Amino acid sequence: MRRILHVVIISSVIAFTVLAAYALCVGGLGYELPPIEPRTLAKIYLSTTFNPSLRILSAMAPEAVTAIVWDYRGLDTVFETTVLYLAIIASIAIMRGIEHHEPYDEKKGMSIIGKTATKIIVPFIVGVAGAIALHGHLTPGGGFQGGATAAVAPLLVLVIFSVYFLEGIGLTKNRALVLRSTGLLGVGITSFIVFMIALIKGFNAFILQNQPKPYSPIGLPYAFNGNIIGGTLLLFNISEMLAVAAGFTILFILLAIPEEKVKKVISSQGESHG
Amino acid sequence: MVNIVVYLFTIVIMSMFVNIALALYGILARPSLIKKIIALTILGDSANTLAIIVGYRFAEPYPSPPVLTKLPPSKSDIQNFVSVAVDPLPQALVLTAIVIGLAVTLFLVFLTIQVYRLYGTTDVRKIAKLRG
Chain R
1 MRRILHVVII SSVIAFTVLA AYALCVGGLG YELPPIEPRT LAKIYLSTTF
51 NPSLRILSAM APEAVTAIVW DYRGLDTVFE TTVLYLAIIA SIAIMRGIEH
101 HEPYDEKKGM SIIGKTATKI IVPFIVGVAG AIALHGHLTP GGGFQGGATA
151 AVAPLLVLVI FSVYFLEGIG LTKNRALVLR STGLLGVGIT SFIVFMIALI
201 KGFNAFILQN QPKPYSPIGL PYAFNGNIIG GTLLLFNISE MLAVAAGFTI
251 LFILLAIPEE KVKKVISSQG ESHG
Chain W
1001 MVNIVVYLFT IVIMSMFVNI ALALYGILAR PSLIKKIIAL TILGDSANTL
1051 AIIVGYRFAE PYPSPPVLTK LPPSKSDIQN FVSVAVDPLP QALVLTAIVI
1101 GLAVTLFLVF LTIQVYRLYG TTDVRKIAKL RG
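Note that the protein sequences, when read in sequence, are chains R and W.
Position 228 of the first sequence, counting from 1, maps to 228 under this note's numbering, and the rest follow consecutively.
To convert, count from 1 in the second sequence and add 1000; that's this note's numbering.
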């Protein structure tokens, strides 16, 4: 029985793969890969991403990817952020009720070489992450990439020193939770910021609006003091970087909790619930 | 005479689908939850790479990333940019998908650890037979 199931699984996987690959190779998308001309939708995005002569359609950010992520398809990204939020909340719920505070002791962690190298590297990682996130509207990068890069720094500290060192310098799970909530709050406020300004001034506006659009002549300035900031894109990138970096830090801290402490909590919960 | 670019593209796409097939087999047929998670990450990364390559284009002399470098642009700059830049939409979808995928993978890892702590195994056949 099991053998038959195995054969069915393998043959259906192979059939699906061959059919899908064949369809894609002979032009199942409507064109053969690689296309000479991109799709019309891509042309619209590319021609309006920074177009001062078409202000009413333009996102006014030279980086088309970030413009799509936070302007053209902002609602999509807000819901993706919700998925991230839910995954992290669910992980915290699984690991609830575990207290593991202990003073840091110099003998823990790796050798002095690893520790010194980490001390040198960590500020650079945070700096690069900040640069990726803050230049997201100008160069390839943005809040997601910057946040994922910044989360490497606490991960390195966790592995090279120990979770107690990270908590000793003040980055506990609850503080990371506060940082993450601040980032999510920033995303939420930035979604409504143009809407709120328009309400005060008495115009129409859309949620997640960045630049002036038809029927709503309100928008954030796309340049500040001669530097392009891309309206809401800069605010979104900063908030998202905070949310992603702090969210991953929480998960790494939870993964680093010693196993025996978790076992103790689980067994006591099992007794109390019968 | 086969066009060399189309030929190479076909090989790349086929190899990605082979990757997807291996990952699907791992998810469906391997009993260990950890192996399933590994296969799931391979599936996700293959699908992301496939999405990126669908957004690729052929341009002379070579395609450019979808970033406008000349600021402020004139009309001919924008026309030139549209004629060489690759499709930005798959990249925008993939960059969120990677980060969300990492978070969901970590969540699955937490679930698997919890299952291991409670039942002492990550074998789905044994977990399915447990009672209570």
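Beta carbons: idealized from backbone N, C-alpha and C, even for Gly.
If you're wondering where the values come from, they're calculated on a predicted model, not measured in any experiment.
Taking a Cβ-Cβ threshold of 7 angstroms, the residues of chain R close to Arg-1117(W) are Val-262, Lys-263, Ile-266, in chain order. Buried is the label assigned to Met-1016(W), since at least 16 other Cβ atoms lie within 10 Å of its Cβ. Proximity to Ile-1013(W) across Thr-1096(W), Leu-1050(W), Val-1005(W) peaks at Leu-1050(W), based on C-alpha coordinates.
Proximity of Arg-1057(W) to chain R, defined by a Cβ-Cβ separation below 9 angstroms, is satisfied. Shown here, Asn-1019(W) sits in a helix according to DSSP, grouped into three states. Proximity to Leu-156(R) across Met-110(R), Lys-261(R), Ala-87(R) peaks at Met-110(R), based on C-alpha coordinates.
Assigned with DSSP and collapsed to three states, Val-1082(W) falls in helix.
Closer than 9 angstroms to the CB of Pro-34(R) there is at least one CB belonging to chain W. For the options Ser-1083(W), Leu-1089(W), Leu-1093(W), the alpha carbon positioned closest to that of Glu-80(R) is the one of Leu-1093(W). Less than 9 angstroms divides the Cβ of Leu-233(R) from the Cβ of His-137(R). Considering only beta carbons, the part of the stretch 1034-1062 of chain W lying closer than 9 angstroms to chain R consists of Leu-1050, Ile-1053, Val-1054, Gly-1055, Tyr-1056, Arg-1057, Phe-1058, Ala-1059, in chain order. When the Cα atoms are used, Leu-46(R) and Pro-1066(W) turn out to be separated by approximately 7 angstroms.
Rounded to whole angstroms, the Cβ separation of Gly-183(R) and Ala-246(R) is 6 angstroms, and the two are in contact under 8 angstroms. Residues Val-265, Gln-269 of the same chain have their beta carbon placed closer than 8 angstroms to that of Gly-97(R), with the five preceding and five following residues left out of the count. Comparing C-alpha distances from Ser-181(R) to each of Glu-102(R), Ile-89(R), Ile-68(R) shows the shortest one belongs to Ile-89(R).
Using a Cβ-Cβ cut-off of 8 angstroms, Leu-1130(W) is close to nothing in chain R; its nearest Cβ partner there is about 15 angstroms away. Ranked by Cα distance from Lys-107(R), the first of Glu-32(R), Ser-12(R), Ser-239(R), Ser-162(R) is Ser-162(R). Here Phe-1110(W) carries a helix assignment [DSSP, helix/strand/coil]. DSSP places Ser-162(R) outside both helix and strand once states are collapsed to three, so it counts as coil. With a cut-off of 8 angstroms on Cβ pairs, the stretch 58-70 of chain R is in contact with the stretch 218-230 of chain R, counting three or more such pairs.
Taking every protein chain shown into account, the CB of Lys-1126(W) has fewer than 16 other CB atoms within 10 angstroms, so this residue is exposed. At a cut-off of 9 angstroms between C-beta atoms, Arg-55(R) does not count as an interface residue with respect to chain W. Residues of chain R with a Cβ closer than 8 angstroms to the Cβ of Lys-1075(W) are, in chain order, Ser-53. For Pro-1090(W) against Ile-1052(W), the beta-carbon gap comes to about 6 angstroms, under 8 angstroms, which counts as contact. The beta carbon of Phe-224(R) sits no closer than 9 angstroms to any beta carbon of chain W.
DSSP, read as helix, strand or coil, puts Glu-106(R) in coil.
If you compare the alpha carbons of Val-1084(W), Thr-1096(W), Leu-1068(W) with that of Ile-36(R), the shortest gap goes to Val-1084(W).
For Pro-258(R), same chain residues with a beta-carbon under 7 angstroms away, outside a window of 5 residues either side, are His-100 in chain order. The C-alpha of Val-1099(W) is placed about 34 angstroms away from the C-alpha of Pro-214(R).
Runs of alpha helix (DSSP H) with 4 or more residues, each lying fully within the stretch 33-70 of chain R, are found at 40-48, 64-67, listed in chain order.
Below the 8 angstroms Cβ cutoff, chain W contributes no neighbours of Met-1(R), its closest Cβ being approximately 13 angstroms away. Contact between Pro-1073(W) and Phe-224(R) fails: their C-beta atoms lie close to 19 angstroms from each other, not under 8 angstroms.
Using beta-carbon distances, Val-1006(W) counts as an interface residue toward chain R, with a partner under 9 angstroms. Scanning its chain for C-beta atoms nearer than 6 angstroms, with the 5 sequence neighbours on each side dropped, one finds around Phe-1081(W) the residues Leu-1068, in chain order. Taking a contact as a CB-CB distance under 8 angstroms, the pair Leu-1033(W) and Thr-1122(W) counts as one, their CB atoms being some 4 angstroms apart.
Under the Cβ criterion of 9 angstroms, Pro-62(R) is counted among the residues facing chain W.
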